[in-house]
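Converting from the sequence shown to the numbering used here requires adding 1 to each position, the first position being numbered 1.
Note that beta-carbon positions come from the ideal geometry of N, C-alpha and C, so glycine has one too.
Since this is a predicted model, take the numbers as computed values, not measurements.
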Amino acid sequence: MKKVIGITMGDPAGIGPEISIKAFQNQSLYEKCNPLLIGDKSVIESYLERFPEIDLKVNAVSAPEEALYERGTMDVMDLASVEASTLQIGEVSKEAGNAAYHYVEKVIELALEGKVDATVTNPLNKEALNLAGHHFAGHTEIYGELTNTSKFSMMLADGDLRVVHVSTHVSLRQACDLVKKERVFDVIKIAHNACVSLGIENPRIAVAGLNPHCGENGLFGTEEIDEIIPAIEAAESVGMNVFGPLPADTVFSKARGGMYDIVVVMYHDQGHIPLKLLGFVFDKEENKWKEVSGVNITLGLPIIRTSVDHGTAFDQAGKMTASELSLENAIDYAVKLANNVD
């Protein structure tokens, strides 16, 4: 039985609708899973009207069991949250932010009820989200609250390079304060469980230091001595295969080369920069992104959530030129995780 994958449309004013259309056009999608878009029918239909060369029909449904899951048909769970005729493509608005929130809310509800096997999210805009009165830093925090989960973390993956974060959407000053033994241990455990769920036996977990040269024995900071090393020792004491702390300027090259299965990083940019350097390829001659790959996965939840690893790209929205590669990567990861649940 193919898994039902609930895919949110993302901010309707961004590139989410068009990369969803592109992904649903890919015939191999239906060989992997039964995909269901959670969004607005009118927005998708407006794209199909503007780009008649796209050979795709829309099937609006009110529940997953009504979907056809057939090639050439895009099943859309129509929430009627925004009207395409009044939507300003490529602009921040509370209307679009509110719609994007309700897509996420619905897909989480469906997953908790067991009506979809995994969830995949297209990008939303944090400013629009907050303008609409939904005060979250992003998808990860929405999922944490709506699933009543307190211990969760963000994982980014591109191929065999994986990173999982101790902190994400906080200031750098706050991020340093959040490097505590208990949190680092929890994230090491989350990283271990994530690798196991991907079929990796006895995963090799690298832990990055916070400070340059991992603090140089206290010369450049004591977080490694006071918090990170005790967390590593606690993880080792319960049988996890952990290495570190390791300098952040070399650990990612080692992980990419196959020395480690996953890297625990201390803050947002420490993990995002190496992943996006690898997965985001800009074509200087054509002045556009040639490739945007990578997946964002929220770990520690009672449901599966994967996501594209990029934003709403308002500057590209509405042109049908945005790459769907990251969305396809996210769907592949969701299917793999859902299959391993069994």
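Three-state secondary structure assigned by DSSP to residue i
i           : result
residue 137 : coil
residue 1   : Only positions 2 to 343 of the chain appear in this structure, which leaves residue 1 out of reach.
residue 324 : coil
residue 164 : strand
residue 251 : helix
residue 314 : coil
residue 39  : strand
residue 246 : strand
residue 308 : strand
residue 159 : strand
residue 12  : coil
residue 145 : helix
residue 56  : coil
residue 297 : strand
residue 61  : strand
residue 285 : coil
residue 23  : helix
residue 180 : coil
residue 337 : helix
residue 154 : strand
residue 33  : helix
residue 291 : strand
residue 280 : helix
residue 17  : helix
Nearest to residue i (by Cα), restricted to the options the options
i           : options            : result
residue 70  : 239, 34, 105       : 34
residue 12  : 334, 101, 228      : 101
residue 85  : 319, 235, 28, 202  : 319
residue 134 : 338, 252, 97       : 97
residue 89  : 16, 293, 233, 303  : 16
residue 139 : 159, 114, 108, 171 : 171
residue 80  : 43, 129, 152       : 43
residue 322 : 210, 20, 14        : 20
residue 146 : 299, 314, 179      : 299
residue 105 : 256, 91, 87, 137   : 137
residue 160 : 199, 153, 148, 130 : 199
residue 301 : 194, 82, 259       : 194
residue 179 : 150, 267, 153      : 267
residue 45  : 65, 83, 309, 63    : 83
residue 202 : 26, 341, 57, 2     : 341
residue 258 : 269, 279, 239, 274 : 279
residue 277 : 290, 94, 190       : 290
residue 191 : 218, 176, 236      : 236
residue 24  : 338, 329, 336, 337 : 329
residue 95  : 129, 110, 309, 41  : 129
residue 87  : 14, 339, 214       : 14
residue 189 : 177, 234, 220, 221 : 234
Rounded Cβ spacing between residue i and residue j (contact assumed at less than 8 angstroms)
i           : j           : result
residue 37  : residue 55  : Contact flag wrong, Cβ pair sits at about 19 angstroms.
residue 244 : residue 205 : 7 angstroms
residue 264 : residue 163 : 7 angstroms
residue 225 : residue 212 : 7 angstroms
residue 165 : residue 156 : 4 angstroms
residue 141 : residue 169 : 6 angstroms
residue 78  : residue 59  : With 8 angstroms as the limit, residue 78 and residue 59 do not qualify as a contact, their Cβ atoms being about 11 angstroms apart.
residue 187 : residue 5   : Actually they are not in contact, since the Cβ atoms of residue 187 and residue 5 sit about 30 angstroms apart, beyond 8 angstroms.
residue 269 : residue 124 : Not confirmed; about 16 angstroms, so no contact.
residue 131 : residue 313 : Not really, about 14 angstroms apart at Cβ, beyond 8 angstroms.
residue 3   : residue 65  : That belief does not hold up - the Cβ atoms of residue 3 and residue 65 are roughly 13 angstroms apart, past 8 angstroms.
Chain-order list of residues whose beta-carbon lies under 8 angstroms from that of residue i (same chain, five-residue window excluded)
i           : result
residue 223 : 216
residue 334 : 158, 296, 298, 307
residue 62  : 37, 68, 76, 77, 78, 79
residue 255 : 207, 247, 261
Own chain residues within Cβ distance below 6 angstroms of residue i, not counting five before or after
i           : result
residue 72  : 28, 31
residue 112 : 120, 304
residue 108 : 7, 9, 39, 120
residue 182 : 228, 231, 232
residue 99  : 133
residue 281 : 293
residue 52  : 321
Contacts around residue i, its chain only, beta-carbon distance under 7 angstroms, and the 5 residues preceding and following it disregarded
i           : result
residue 67  : none
residue 271 : 209, 249
residue 273 : 157
Below-9 angstroms beta-carbon distance, residue i vs any chain E residue
i           : result
residue 174 : Reference to chain E is not applicable here, since this structure consists of a single protein chain.
For this session: With a floor of 3 residues, list each beta strand (DSSP E) that falls wholly inside the region 75-141, ordered by position along the chain.
Result: 119-122
For this session: Please specify which runs of the alpha helix (DSSP H), each continuous and at least 4 residues long, are wholly inside the region 199-278, giving them in chain order.
Result: 230-238, 249-257
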